[in-house]
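Asks: A single structure is presented below for examination.
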Amino acid sequence: MSKPVIISGIQPTGNLHIGNYLGAVKNWVELQNSGKYEMYIFIADLHSLTGTQTAEERGKQIKITAAELLAAGIDPKKTTFFVQSEVDGHTELNWVFNTVTHVAELERMTQFKDKSAHQEKNINAGLLTYPILQAADILLYKGEMVPIGQDQIQHLELTNDIGRWFNNRYGVFFSEVKPLLTKIPKVMSLLEPTKKMSKSLGQGHVVELADESEVIEAKLKKAVTATEGGADAPGVQNLLLLLKEFSDAKVHTKFTEDEKNGTIRYGDLKTALAEAISKAFTDFRKKRAEYLTDEKKLQKVLDQGAKSAKKVADQTMAEVRRLVGIK
Ligand code: ADP
């Protein structure tokens, strides 16, 4: 029996941070290593065009994101790992799906409202239509499961709607995609711990996987702790959550107990956490640097991934073309 197909992607809009890692990448690596799935992981460079990066920044960041995902454990021998724009089926299927999707359905998407509010000067049509490209990303490979968080459910429902609208018009071809709702921690910003850790908040808010020990230490020193709300403060909870993820159980238990007893010293907590994070990504930093010094090797990995992905994508597109009556 063939393995269920899983697909996921990430935009090349910044260096990976510990929120991306704990919320997405770590889970991908675990799914990949379980051997239970046929995995596709892609760098969503076409999606990033809806944002505000310059061409130069984008080109550079695609390579960095590729190097970082490989360094974090994505293994091209186990996962079809590629850059979205290197497989032309994504844009072609996107167009076919555009023509079966009602504009009103797109306008309902809450993420469109959020994203437009974030870049008022650049409300391009792509911000409205990118969930259609997401549907194409998934259905091009006959994806069966998509690892997502609660906030992406609406888009996955739209993917299934689009598949159904296509099937109703042209004959049953696409099957339903199911969410793989994984229990993932939501990492909060270091400086504003009521907000999700996000690179869009600024450098001081995030710990990047590539950050050196001194940088991690300096960022954590400035992290907000229990200034007002006492020990239950969100900043403290966030640091304890991170400690749980990155340090030994013993260290986490000690600080959790200290917190309960009211004897916790935030300076010590921050030092222990900085050490744990830095240690967790020592190997990552080394591999990242290696991939970035050998760009030819990196490109070869990506080209091979795109070639494998294209084989599957071309088969889907041949069927889609036949069904819609074009050559
Ligand atoms: P950012 O908000 O920094 O731009 P993205 O939106 O590109 O990050 O997110 C990429 C992936 O990382 C998504 O799967 C998202 O759910 C996950 N992710 C991002 N930030 C966090 C966070 N703070 N906590 C948990 N998961 C996160």
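If you want the numbering used here, it's the position in the sequence shown, counting the first as 1, plus 242. The C-beta atom is built at its ideal place from N, Cα and C for all residues, glycine as well. A quick note: this is a predicted structure, and the numbers were derived from the prediction, not measured.
Could you say which of Thr296, Gln303 and Leu291 lies nearest to Leu258 if we only look at CA atoms?
Replies: If you number the sequence shown from 1, residue 258 lands on position 16. Nearest C-alpha to Leu258: Gln303.
Asks: Does the distance from the CB of Thr292 to the CB of Leu369 come in under 9 Å?
Replies: If you number the sequence shown from 1, residue 292 lands on position 50. If you number the sequence shown from 1, residue 369 lands on position 127. Closer than 9 Å, so yes.
Asks: Cβ-heavy atom distance between Asn262 and the ligand ADP below 8 Å?
Replies: What you label residue 262 is simply residue 20 of the sequence shown in a count that begins at 1. Yes, the ligand ADP has a heavy atom inside 8 Å of this Cβ.
Asks: Cβ of Ser358 within 8 Å of any heavy atom in the ligand PLP?
Replies: By its list of ligands, the structure shown excludes the ligand PLP, since it contains just the ligand ADP.
Asks: What is the DSSP secondary structure of Phe416, counted as helix, strand or coil?
Replies: Here the question's residue 416 lines up with position 174 in the sequence shown. In the structure shown, Phe416 sits in coil (DSSP, three-state: anything other than H, G, I, E or B).
Asks: Does the separation of the CB atoms of Gly467 and Leu511 fall below 9 Å?
Replies: One-based indexing of the sequence shown puts residue 467 at position 225. One-based indexing of the sequence shown puts residue 511 at position 269. Sequence inspection shows Thr at residue 467; the Gly mentioned does not correspond to that position. Yes, Cβ-Cβ distance for Thr467 and Leu511 is below 9 Å.
Asks: Alpha carbons only, please: which of Leu515, Lys553, Lys569 and Arg563 is nearest the one belonging to Val478?
Replies: Reading the sequence shown from its first residue, position 236 is the one you call residue 478. It is Leu515.
Asks: Measuring alpha carbon to alpha carbon, tell me which of Leu534, Ser489 and Val543 ends up nearest Ser520.
Replies: Position 278 of the sequence shown, counting from 1, holds the residue named residue 520. If we check each option's Cα against that of Ser520, Ser489 comes out closest.
Asks: Rounded to whole angstroms, what's the CA-CA distance from Glu561 to Gly331? Just pull it up for me.
Replies: Taking the sequence shown and counting its residues from 1, one reaches residue 561 at position 319. Taking the sequence shown and counting its residues from 1, one reaches residue 331 at position 89. Taking the straight line from one Cα to the other gives about 12 Å.
Asks: Taking the beta carbon of Arg564 as the centre, do at least 16 other beta carbons fall within 10 Å, making it buried, or is it exposed?
Replies: Here residue 564 corresponds to residue number 322 of the sequence shown, with the count starting at 1. Arg564 should be labelled exposed.
Asks: Looking at Thr371: is its Cβ nearer than 9 Å to the Cβ of Asn340?
Replies: Indexing the sequence shown from 1 puts residue 371 at position 129. Indexing the sequence shown from 1 puts residue 340 at position 98. Contact flag set, yes.
Asks: Would the segment 246-263 and the segment 283-292 be scored as touching if the rule is three or more Cβ pairs under 8 Å?
Replies: Touching, per the Cβ criterion.
Asks: Helix, strand or coil, according to DSSP, for Gly251 in the structure here?
Replies: On the sequence shown, position 9 is the one that residue 251 refers to. Strand, per DSSP.
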